[in-house]
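Below is one structure, written out as structure tokens; the observations come after it.
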């Protein structure tokens, strides 16, 4: 029953993308009975328009052409199956996310990507699993960021460590780590400032926070989650590249997948950056932040199961 609920929410969340990509693809394969260059050209164009990206689309098309030739495929419909398999190969190339506890999740990303909401939903997810969760209001820069996180903490019934606006973010995280250790917290989720990713002072701040966690809580399992907004398309890839250069990003959380017709961006991000996708946001409900499952994602995208 849980699986059905998860899958139906995933399908609903991907409806815009499915309408844009899969329906056009189905029309393409109905129009072309046999495999030819025109089919390949039109499929390539569809993938690029779906935000799969030029580089990733080129890789996918090369794989498809190779397999069509090697397997002597003539039916156009079979190309659809190969495309699905190759997308799963790209997205599924990662270990299942299963952190040990205690764990510290450092959540980074630019303003406007849904970072605060994501932290609230993460806290809710882990509390449902019976974990003790603590939030740290480490975004002391943006006006009202602390209050917004406090609202989420109250909403999901979670503890919060906060200072005043404008205070030292690293000091907030230091206090949160001490609280997590003394209170027997399983998961500490730290918010961070989301100033433009090109700003040097933000990256220096993140490095300082990282050092504090490593020094004060070496026994904790640490993850650095980068939150990206799916609706920003290729800009999300650019943001990820910049953060990856400065911080050891261990996983991606892709939000607002339900708000875009170009969900192919998830394939581009995984293919170009090699960073595992850990969670995806497919709606505004508390349970609409989901663990990423490549097989389920592709099945929902191609409207199957």
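In UniProt numbering, the protein residues as written are 1 to 305. Beta carbons are placed, not taken as given, at the ideal position from N, Cα and C, and that holds for glycine.
Here residue 205 is near residue 169, since their CB atoms are less than 7 Å apart. Cβ atoms of residue 249 and residue 243 come within 8 Å of each other, at about 6 Å. Where residue 207 is concerned, the enclosing alpha helix (DSSP H) starts and stops at 200-216. With a 10 Å radius around the Cβ and a threshold of 16 neighbouring Cβ atoms, residue 151 comes out exposed.
Annotation: residue 263 to residue 230 spans about 7 Å, alpha carbon to alpha carbon. The DSSP assignment places 133-136, 159-161 and 187-190 as complete runs of the beta strand (DSSP E) inside the region 125-205, in order along the chain (cut-off: 3 residues).
In the DSSP assignment, the residues bridged to residue 251 are 225. Residue 5 carries a helical assignment under DSSP once its states are collapsed to helix, strand and coil. In the same chain as residue 266, and ignoring 5 residues on each side of it, the C-beta atoms closer than 8 Å to its own belong to 91, 230, 254, 257, 277, 280 and 297, in chain order. With contact defined as three or more Cβ pairs closer than 8 Å, the region 147-163 and the region 98-111 are not in contact.
DSSP places residue 301 in no beta strand (DSSP E) but in the uninterrupted alpha helix (DSSP H) bounded by 294-301. By the neighbour-count definition (other C-beta atoms within 10 Å, threshold 16), residue 72 is an exposed residue. A distance of 7 Å or more separates the beta carbons of residue 115 and residue 247. DSSP, reduced to helix, strand and coil, places residue 54 within a helical segment of the structure shown. Checking the DSSP bridge columns, you'll see residue 281 partnered with 289.
Short of 6 Å from the beta carbon of residue 52, and not among the five residues preceding or following it, lie these beta carbons of its own chain, in chain order: 264, 267 and 268.
Scanning the region 34-97 for uninterrupted alpha helix (DSSP H) segments of 4 residues or longer gives 37-49, 54-70 and 76-91, listed from N- to C-terminal end.
With a contact defined as Cβ atoms closer than 8 Å, residue 14 and residue 300 qualify at about 5 Å.
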